[in-house]
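Line by line, the protein sequences give chains A and B.
Going by the working numbering, 67 is the number at position 58 of the first sequence; the sequence numbering is gapless.
Going by the working numbering, 212 is the number at position 1 of the second sequence; the sequence numbering is gapless.
Report on one structure; see the data block that follows.
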Amino acid sequence: MPKVYILREACKGVVDCDICRFVCPKDVLGKSDMLNRKGYFPPEVVDEDACTQCGNCMVYCPDMAIVVEMRKAKKAAR
Amino acid sequence: MSSVEHPLRKYLRPSVEATTFCPGCGDGTVLTSILQAIDELGMTMDDFVFVSGIGCAAWIISPNFNADVLHTTHGRPIAFATGIKLNLPEKKVMVVSGDGDLTAIGGNHLIHAARRNIEMVVICANNGIYGMTGGQVAPTTPREARTITTPYGSLENTFDISRMVQASGASFVARWTTYQPRQLTKSIKKAIQKKGFAFIEVISQCPVQFGAKTGAGSAVEMLEMYRKSSISVKKAVEMSPQEIEDKIVTGEFIDTAKPELCEEIARLKERIRGEG
Chain A
10 MPKVYILREA
20 CKGVVDCDIC
30 RFVCPKDVLG
40 KSDMLNRKGY
50 FPPEVVDEDA
60 CTQCGNCMVY
70 CPDMAIVVEM
80 RKAKKAAR
Chain B
212 MSSVEHPLRK
222 YLRPSVEATT
232 FCPGCGDGTV
242 LTSILQAIDE
252 LGMTMDDFVF
262 VSGIGCAAWI
272 ISPNFNADVL
282 HTTHGRPIAF
292 ATGIKLNLPE
302 KKVMVVSGDG
312 DLTAIGGNHL
322 IHAARRNIEM
332 VVICANNGIY
342 GMTGGQVAPT
352 TPREARTITT
362 PYGSLENTFD
372 ISRMVQASGA
382 SFVARWTTYQ
392 PRQLTKSIKK
402 AIQKKGFAFI
412 EVISQCPVQF
422 GAKTGAGSAV
432 EMLEMYRKSS
442 ISVKKAVEMS
452 PQEIEDKIVT
462 GEFIDTAKPE
472 LCEEIARLKE
482 RIRGEG
């Protein structure tokens, strides 16, 4: 199960926005080479193992384009 | 397409694909914080009536929230909200608008709603400029900032909205930046539960107008500036006015209990009926 999902079509791009990569303490996210339908480059997960599921990217994202599987939810699922 | 859905997506209208904000706009973070607060309180959208005015920040709720939403004339959301609250006192009324709407054109409504201490939540996304109309100087623009109507720098002093609302008599006043969305969510939760006028000012980045015109830079550069220059209320008390000048004082300024207008009216009705 991946920890970080990028909802590509909701994103407004790392070129103009880039807030997710700024607030990530572990540099989990990089830039995707594929445009979305609106013509923005969304981020992509490059280093998933480094992710601590702090949820910063999900909380700060202005476009609700990132979903992080939070640690508490994972425990409850087990 | 992935089948994963954002946990707060259920509060938005199904027809909404994306917000209308520019890339990097702080208003989206305010939107998420409001929804997060409602979600954490376990409330539904039916408990609320949302009111917004005109401007970028008014678009936070108007086409997006799947609730009763009133998109009103410029500067008048608090006047509409007062009417709604007096007629539907069991509903929570929330006003979300920008600094130009609430303080520039609608300044008197804000002052007098705070003075009356009517129960409502007012969230003011303060980007320090008239963003929607192209970057003109606003009452909240910092001194000496260059905008398209002040090409040599603004000569006017900046409006300290939170202090003004506090002086007008509000029960709850807080100020946060978009760099502190978790603290903002906590304050919105407190404000929703507050019996009285609750005001939250959110310093929000506008990279397209404010950032480009005043040289503040991109969304990330502005967030970095908020991180460096925001200080807490407790710290600010110990500092001199000169030291605070360039800082953003954040935190909860006031949280008190005062007689609330709707309750006072209900009490008055009871008293008059009893006597008559």
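Just so you know, even glycine gets a beta-carbon here, dropped at the ideal spot from N, CA and C.
Cβ-based burial, residue i [other Cβ within 10 Å; buried from 16]
i, result
"LEU434 (chain B)", "buried"
"SER443 (chain B)", "exposed"
"ARG482 (chain B)", "exposed"
"GLY345 (chain B)", "exposed"
"ALA423 (chain B)", "exposed"
"ALA427 (chain B)", "buried"
"ILE340 (chain B)", "buried"
"LEU44 (chain A)", "exposed"
"GLY485 (chain B)", "exposed"
"SER451 (chain B)", "exposed"
"SER214 (chain B)", "exposed"
"ARG87 (chain A)", "In this prediction, ARG87 (chain A) has a pLDDT of 44, which is less than 50 and means its spatial position is unreliable; nothing more can be read from the coordinates."
"ALA85 (chain A)", "With a pLDDT of only 49 at ALA85 (chain A), under 50, the local geometry of the prediction cannot be trusted, and no value is derived from it."
"LEU479 (chain B)", "exposed"
"MET212 (chain B)", "With a pLDDT of only 48 at MET212 (chain B), under the threshold of 50, the placement of this residue in the model should not be trusted, and no figure is reported."
"THR284 (chain B)", "exposed"
"ASN319 (chain B)", "exposed"
"VAL419 (chain B)", "buried"
"ILE255 (chain B)", "Residue identity check: residue 255 (chain B) is Thr in the sequence provided, not Ile. With fewer than 16 other Cβ atoms within 10 Å, it is exposed."
"ARG17 (chain A)", "buried"
"GLY48 (chain A)", "exposed"
"ILE15 (chain A)", "buried"
Same chain, Cβ closer than 7 Å to residue i, five either side skipped, listed in chain order
i, result
"GLY266 (chain B)", "SER308, GLY309, GLY311, ASP312, MET343"
"ARG30 (chain A)", "VAL23, LEU38, PRO52"
"THR61 (chain A)", "LYS35"
"THR425 (chain B)", "ALA356, ARG357, THR358"
"GLU412 (chain B)", "CYS335, ASN337, ILE372, SER373, ARG386"
"PHE370 (chain B)", "THR314, PRO350, THR351"
Presumed contact (8 Å Cβ cut-off) between residue i and residue j, rounded CB distance
i, j, result
"VAL348 (chain B)", "MET305 (chain B)", "With a Cβ gap of about 29 Å, VAL348 (chain B) and MET305 (chain B) do not count as contacting."
"ALA248 (chain B)", "ILE414 (chain B)", "The Cβ separation is near 18 Å, so there is no contact."
"PHE408 (chain B)", "ILE329 (chain B)", "6 Å"
"ARG220 (chain B)", "MET73 (chain A)", "7 Å"
"ILE372 (chain B)", "THR314 (chain B)", "5 Å"
"GLY317 (chain B)", "GLY286 (chain B)", "3 Å"
"LEU242 (chain B)", "ILE289 (chain B)", "Contact flag wrong, Cβ pair sits at about 20 Å."
"LYS296 (chain B)", "CYS473 (chain B)", "6 Å"
"PRO11 (chain A)", "GLY239 (chain B)", "Incorrect: roughly 23 Å between the Cβ atoms, too far for contact."
"ASP175 (chain B)", "PHE261 (chain B)", "This structure cannot speak to residue 175 (chain B), because chain B is shown only from 212 to 487."
"ARG354 (chain B)", "GLU367 (chain B)", "7 Å"
"GLU179 (chain B)", "LYS406 (chain B)", "In the structure displayed, chain B extends from 212 to 487; residue 179 (chain B) sits before or after that span and is not available."
"THR351 (chain B)", "ASN337 (chain B)", "5 Å"
Neighbourhood of residue i by C-beta, 6 Å cutoff - its chain only, sequence neighbours within 5 removed
i, result
"ALA447 (chain B)", "ILE455, VAL460"
"ASN275 (chain B)", "LEU223, VAL227"
"SER440 (chain B)", "LYS458, ILE459"
"PHE410 (chain B)", "VAL333, VAL376, ALA381, VAL384"
"THR360 (chain B)", "GLN347, VAL348"
"ASP466 (chain B)", "PHE383"
"CYS26 (chain A)", "none"
"MET436 (chain B)", "none"
"TYR69 (chain A)", "ILE28, VAL32"
"PRO392 (chain B)", "THR240, SER244"
"GLU263 (chain B)", "For the record, residue 263 (chain B) in the displayed sequence is Ser; it is not Glu. ALA269, ILE272, SER273, HIS282, PRO288, VAL307, SER308."
"ARG80 (chain A)", "GLN62"
"GLU432 (chain B)", "none"
"TYR390 (chain B)", "LEU434, TYR437, ARG438"
"THR230 (chain B)", "GLY239"
"GLU78 (chain A)", "LYS12"
"CYS233 (chain B)", "VAL419"
"ALA468 (chain B)", "none"
Proximal residues to residue i (C-beta, below 8 Å), its chain only, five neighbours per side dropped
i, result
"LEU252 (chain B)", "LYS400, ILE403, GLN404"
"PHE50 (chain A)", "GLY22, VAL23, VAL24, LYS40, SER41, ASP42, MET43, LEU44"
Taking beta-carbon pairs under 9 Å, can you tell me which members of the segment 214-225 of chain B lie near chain A?
VAL215, GLU216, HIS217, PRO218, LEU219, ARG220, LEU223
Given 8 Å as the limit, is there contact between the segment 52-63 of chain A and the segment 263-283 of chain B, that is, 3 or more CB pairs closer than that?
no
Using a Cβ-Cβ cut-off of less than 9 Å, give me the residues of the segment 29-58 of chain A that come near chain B, in sequence order.
ARG30, PHE31, VAL32, LYS47, TYR49
Evaluate contact between the segment 364-381 of chain B and the segment 288-306 of chain B, counting only Cβ atoms and requiring at least three cross-stretch pairs below 8 Å.
no
What are the residues in the segment 11-31 of chain A lying within 7 Å of chain B by C-beta distance?
TYR14, LEU16, ALA19, LYS21, GLY22, ASP25, CYS26, ASP27, ILE28, PHE31
What residues in the segment 236-252 of chain B have a beta carbon less than 9 Å from any beta carbon of chain A?
Listed by position along the chain: CYS236, GLY237, ASP238, GLY239, THR240, VAL241, LEU242, THR243, SER244, LEU246, GLN247.
Which residues, in chain order, does the segment 428-446 of chain B contribute to contact with chain A at a C-beta distance below 8 Å?
SER429, ALA430, VAL431, LEU434, GLU435
At a Cβ cut of 7 Å, what residues of the segment 382-412 of chain B count as close to chain A, listed as they run along the chain?
PRO392, ARG393
Chain A contacts from the segment 284-305 of chain B (Cβ-Cβ distance under 8 Å)
none
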